[in-house]
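Take a look at the structure below.
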Amino acid sequence: MDERKMARIDLAVPFGQKDEAKALGAKWDPVLNVWYAPEDVDLIPLLRWLPDSDTVELEHAPEYQVRAPYYYIIESTSDCWKCSTWTRVYTFMLPEGHEKFELVDDDEEFSLERNLGEWIRHDHRGTAGTVHSLSPSVAAQVRRYTANLKQAFSKTAGHRYIMNHCEHCGTKLGDFYMHSEPGGAFFPTSPQQASKMTLIKINERFDANCGVGFVTDDFFDCMQRDKTRSV
Ligand SMILES: [Zn+2]
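The sequence shown begins at 366 in my numbering and counts up one residue at a time.
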């Protein structure tokens, strides 16, 4: 899978501005839970939602805008589009009750300038995608399993995020294929496929800046549990 064929730019659109963004040509990715500018759209009207002018720069916003009391590291496998070898790949599963800091869109004012936001609780499990940053303790946990989950520039997304790299040839393996394509490494479509994924429970706080995607049936109960590696 060559990620250059799927150029798109992820946007940071507050919930209250979604209709406006949609009217200007933004599309919604229900799996990664993110609005994006498709290849063929006029980018100028969407510039205000580019992640560079992102919520991270808000004066009073928390440093990490996604949190959970505990989490799982997901270990799965994906075929490398470059060397065609299977490689281990990793992401995070967040439990029910994880929270996201979301901007409150008040009146007509652009909320990024108003520093208004609140923690919203989500009563479903979710898979972390488009991870921009991890707290030092989460980063330390994932380092126990792989050195191949690291910052890289994505031509698909148009910005840097923490992505998997092939453990054999070092090629970048972007999130899109593994998270958003049914049957991708983190998008099981059958109990059998889910049974090839392993969950390592980490009884520590999760703090990160990332998207959280979810599907109605994630086959969570079919995934393997690695209790020996849990902490
Ligand atoms: Zn490879």
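Virtual Cβ for every residue (Gly too), placed ideally from N, Cα, C.
- Message: Which same chain residues end up closer than 7 Å to Thr452 when comparing Cβ atoms and leaving out the 5 residues on each side of it in sequence?
- Response: Position 87 of the sequence shown, counting from 1, holds the residue named residue 452. Excluding positions up to five away in sequence, the list reads Thr442, Ser443, Cys445, Cys531, Glu532, His533.
- May I ask you to verify whether the stretch 402-411 touches the stretch 587-595, counting CB pairs closer than 8 Å and requiring at least 3? The answer is no - the stretch 587-595 does not touch the stretch 402-411, with fewer than three Cβ pairs under 8 Å.
- Hey, which unbroken runs of the beta strand (DSSP E) at 3 residues or more fall wholly within the stretch 385-415? Entirely contained in the stretch 385-415, the beta strand (DSSP E) runs reaching 3 residues are, in chain order, 392-394, 399-403.
- Counting by C-beta, which residues lie closer than 5 Å to a heavy atom of ligand 1, in chain order? The answer, residue by residue, is Cys445, Lys447, Cys448, Cys531, His533, Cys534, Thr536.
- Item | Neighbour-count burial assignment, Ala388, 16 or more Cβ in a 10 Å radius | Locating residue 388 in the sequence shown gives position 23, where the first residue counts as 1. It is exposed - the Cβ of Ala388 has fewer than 16 other Cβ atoms within 10 Å.
- Query: When you compare only the Cα positions, how much space is there between Ile374 and Cys587?
  - Reply: Walking along the sequence shown from the start, residue 374 turns up at place 9. Walking along the sequence shown from the start, residue 587 turns up at place 222. Each residue's CA atom was taken as its position, placing Ile374 and Cys587 some 33 Å apart.
- Query: What is the residue span of the beta strand (DSSP E) that Val577 lies within?
  - Reply: Position 212 of the sequence shown, counting from 1, holds the residue named residue 577. Counting along the chain, the beta strand (DSSP E) containing Val577 begins and ends at 571-578.
- C-beta contact flag for Cys575 and Gly494 at 8 Å: As a first step, residue 575 must be located in the sequence shown, where it is residue number 210. As a first step, residue 494 must be located in the sequence shown, where it is residue number 129. Closer than 8 Å, so yes.
- If Met543 sits next to Lys537, beta carbons under 8 Å apart, how far is it from one beta carbon to the other, in whole angstroms? Against the sequence shown, residue 543 aligns to sequence position 178. Against the sequence shown, residue 537 aligns to sequence position 172. The Cβ separation is near 12 Å, so there is no contact.
- Around the C-beta of Trp414, are 16 or more other C-beta atoms found within 10 angstroms, so that it is buried, or is it exposed? Counted from its first residue, the sequence shown places residue 414 at position 49. Burial state of Trp414 is buried, judged by a 10 Å Cβ sphere holding 16 or more other Cβ atoms.
- Task: In the DSSP assignment, find the unbroken beta strand (DSSP E) run with Ser441 in it and report its ends.
- Result: For this step, residue 441 is matched to residue 76 along the sequence shown. Secondary structure note for Ser441: its beta strand (DSSP E) is the uninterrupted segment 436-444.
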